[in-house]
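Remarks on the structure that follows.
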Ligand SMILES: Nc1ncnc2c1ncn2[C@@H]1O[C@H](COP(=O)(O)OP(=O)(O)OP(=O)(O)O)[C@@H](O)[C@H]1O
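Residue numbers (the UniProt record's numbering): 1 to 661.
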């Protein structure tokens with residue numbers, strides 16, 4: 001049985017409701033909880049903070065007329081309530097008039113008859129009495145009301161008038177009926193007296209004050225030049241009003257130059273804030289990430305230039321309001337790039353812990369990597385597109401096309417340290433693991449590790465072993481999603497290199513080498529480059545794309561755009577799940593060297609070392625709800641089995657005949 005903290009009756013859209021704030025002791029099946037409408041239920045006079053269990057507290061709205069279909073939700077969980085505000089006292093026109101209209105209906109005025117018209121003028125003094133009442137147009141002619149009757153109506157209206165003054169309480173809440181795209185909804189609740197409104201407001205606010213994960217003061221950086229330059233507009237018109245409605249105090253800084261946010265976060269006092277927000281793209285998020293992590297490292301007096309440094313987690317969380325060109329980080333952490341969804345996730349204090357990697361070159365620390373480091377093709381696109389900023393977001397497409405035509409490749413050595421065996425095995429559904437393959441792959445890889453001189457082993461043997469090993473490591477084809485079990489297994493804070501870590505050295509000509517800490521989904525790539533990489537499991541994916549004909553590389557790009565779930569099956573692609581990687585370009589001459597880009601920013605260095613740090617950064621985000629995507633995908637799979645193609649098959653009838661003869 002739920003314990004009721006507060007109960008009253010109210011009107012919503014002219015329907016009578018029982019409103020109750022309850023703590024549902026039985027969390028499961030809460031939606032099925034039967035709330036009795038028995039007024040004798042005992043209700044405590046005073047709610048104490050201790051009696052409120054935030055995760056079980058709910059607002060129930062039970063219509064008195066249960067038969068009536070209504071759009072008002074029967075239950076709103078406390079976590080989704082944004083604010084409750086008393087607005088004004090108003091006369092409830094519709095409901096009050098409904099009684100009067102029945103009276104007036106009986107009176108039945110008409111304007112058609114001139115006699116009646118003249119009579120009505122004699123009642124001019126009374127016209128004001130009925131002017132506020134909706135007069136139905138009736139075609140039949142009836143006698144006018146007597147004076148006595150009209151006065152009796154008016155006196156009854158006067159006596160009821162004070163009852164009709166209802167106090168309005170505006171309740172705003174998050175509508176998560178679409179689990180991916182969140183929305184804000186508002187309810188106007190009418191209660192009889194101001195006292196009831198005061199008490200309701202007080203009780204709801206008391207309950208809201210127990211939600212510890214919610215931020216109260218935020219610092220927001222808006223990049224007015226991000227994306228199509230819409231960040232300021234999105235922030236002022238859409239985001240700020242929602243923050244105000246939720247009673248969150250925000251200090252807004254509209255940046256004047258690059259790295260302003262980063263410098264602010266390193267140097268200024270941040271004690272009064274519960275989180276920082278960026279309104280812009282991935283570059284802007286990266287700035288905040290650098291600023292916060294560098295500050296924390298300084299405060300902890302870490303030697304950040306040491307590649308083996310273990311970085312510490314900042315106290316503040318980062319929220320991202322998407323207003324950039326690609327918004328890959330928002331796509332990867334909320335499922336879409338919708339400013340309202342992101343704002344609501346910040347307000348309710350959704351928290352997602354993500355891995356961050358440190359990047360070092362031969363001179364020391366370079367930067368933190370949140371999403372992706374690219375060497376070669378994608379780095380070259382960033383380098384090229386930086387010169388063509390005047391083209392806006394189109395610059396990426398133009399630069400991409402140019403790089404594709406050039407089809408450059410770079411001689412490189414890559415040393416990957418596979419994610420520690422215990423963590424990779426823990427993620428494998430054990431029934432799927434072929435133990436024989438596993439042991440042979442492991443022993444082969446040990447062999448590889450110990451024999452770095454590739455001449456001692458045939459090239460084919462190396463390739464086969466690596467393919468087996470690569471498949472083993474990636475046999476966990478599970479998406480990282482909201483409340484991800486794999487990320488929850490937080491065994492050790494940092495993915496330290498252990499003696500049992502397996503190292504593989506690869507050397508060759510590569511068109512592109514990509515390290516992905518997030519899938520990097522965008523509007524142009526539904527699954528991202530690496531769909532199964534997890535946000536907080538202490539590992540990241542390395543994708544090597546070997547030199548090939550343009551058609552080979554085009555197939556890779558096509559799969560990235562459409563369905564990259566089995567990208568490693570392409571002959572020119574290898575994928576590894578790793579905790580550490582060293583990328584060492586072998587320079588024959590300086591011009592044959594590719595560009596490095598990390599989270600959309602260019603880097604320099606001859607040799608880059610990347611090392612992952614598990615769940616060191618907290619974001620205001622919920623993670624991805626993948627059910628819908630999986631559903632869509634399985635529909636496509638069904639289609640695929642029918643006609644063998646993801647595209648609509650022109651010979652569909654023929655295909656169906658083949659399957660169902
Ligand atoms: N006022 C400013 N003037 C110029 N550059 C700025 C300013 N404020 C921020 N920047 C820089 O602009 C870069 C790009 O910004 P942002 O990431 O917001 O947009 P984008 O590059 O279009 O989006 P995306 O990274 O998603 O493609 C950031 O690295 C940031 O450092």
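All C-beta atoms, glycine included, are put in the ideal place defined by N, C-alpha and C.
Query	Result
Consider the C-beta atom of residue 179 and the heavy atoms of ligand 1; say whether any pair is separated by less than 7 Å.	no
Determine the contact status of residue 581 and residue 610, defining contact as a CB-CB distance below 8 Å.	yes
Would you mind sorting residue 213 into buried or exposed? The rule is 16 or more other CB atoms within 10 Å of its CB.	exposed
Looking at the unbroken beta strand (DSSP E) that takes in residue 585, where does it start and where does it end?	573-585
Would you say the beta carbon of residue 256 is closer than 7 Å to some non-hydrogen atom of ligand 1?	yes
Does residue 329 come out as helix, strand or coil in the three-state DSSP assignment?	helix
From which residue to which residue does the beta strand (DSSP E) around residue 8 run?	3-12
What residue from 502, 506, 362, 487 has the CA that sits closest to residue 306's CA?	362
Would you tell me roughly how many angstroms separate the C-alpha atoms of residue 575 and residue 562, rounded to the nearest one?	18 Å
May I ask whether a heavy atom of ligand 1 can be found less than 7 Å away from the beta carbon of residue 326?	yes
DSSP state of residue 503, grouped into three classes?	strand
Could you check the C-alpha separation between residue 527 and residue 558 for me, to the nearest Å?	12 Å
Could you tell me whether the Cβ atoms of residue 486 and residue 625 are closer together than 8 Å?	no
Between the region 506-519 and the region 405-419, do at least 3 Cβ pairs fall closer than 8 Å?	yes
Under 8 Å by Cβ, that's how I've got residue 333 and residue 523 pegged, so tell me the actual separation to the nearest angstrom.	The Cβ separation is near 15 Å, so there is no contact.
Does the Cβ-Cβ distance between residue 353 and residue 536 come in under 8 Å?	yes
Within 10 angstroms of its Cβ, does residue 13 collect 16 or more other Cβ (buried), or is it exposed?	exposed
Take the Cβ of residue 182 as the centre, count every other Cβ of all protein chains shown within 10 Å, and call the residue buried at 16 or more, exposed below.	buried
Less than 7 Å between the CB of residue 54 and some heavy atom of ligand 1, yes or no?	no
With a cut-off of 8 Å, do at least 3 Cβ pairs link the region 311-319 to the region 390-405?	no
Quick check: does the Cβ of residue 600 come within less than 7 Å of any heavy atom belonging to ligand 1?	yes
Report whether the distance from the Cβ of residue 362 to the nearest heavy atom of ligand 1 is below 7 Å.	no
Helix, strand or coil for residue 182 per DSSP?	coil
Just checking residue 260 against ligand 1 - is the residue's beta carbon closer than 7 Å to any of the ligand's heavy atoms?	yes
If we count the other Cβ atoms within 10 Å of its Cβ and call it buried at 16 or more, is residue 515 buried or exposed?	buried
Ordered along the chain, which non-local residues of its own chain (more than five positions away) have a Cβ less than 6 Å from that of residue 120?	With a pLDDT of only 42 at residue 120, under 50, the local geometry of the prediction cannot be trusted, and no value is derived from it.
Among 67, 201, 23, 269, which residue has its Cα nearest to the Cα of residue 188?	201
Our contact map puts residue 265 next to residue 250 with C-beta atoms below 8 Å; I'd like the distance itself, whole angstroms only.	No, residue 265 and residue 250 are not in contact; Cβ-Cβ is about 16 Å, not under 8 Å.
Report buried or exposed for residue 331, applying the criterion of at least 16 other Cβ atoms within 10 angstroms of its Cβ.	buried
Thinking C-beta only, is residue 15 closer than 8 Å to residue 70?	yes
Give the straight-line distance between the Cα atoms of residue 374 and residue 172, rounded to the nearest whole angstrom.	44 Å
Among 253, 384, 403, whose alpha-carbon lies nearest the alpha-carbon of residue 602?	384
Check the C-beta distance from residue 288 over to residue 261 and give it rounded, since I have them as a contact under 8 Å.	6 Å
Regarding residue 224 and ligand 1, is the C-beta to nearest heavy atom distance less than 7 Å?	yes
What do you reckon, is the C-beta of residue 282 under 7 Å from a heavy atom of ligand 1?	yes
Determine the direct distance from the alpha carbon of residue 167 to that of residue 614, and round the result to whole angstroms.	52 Å
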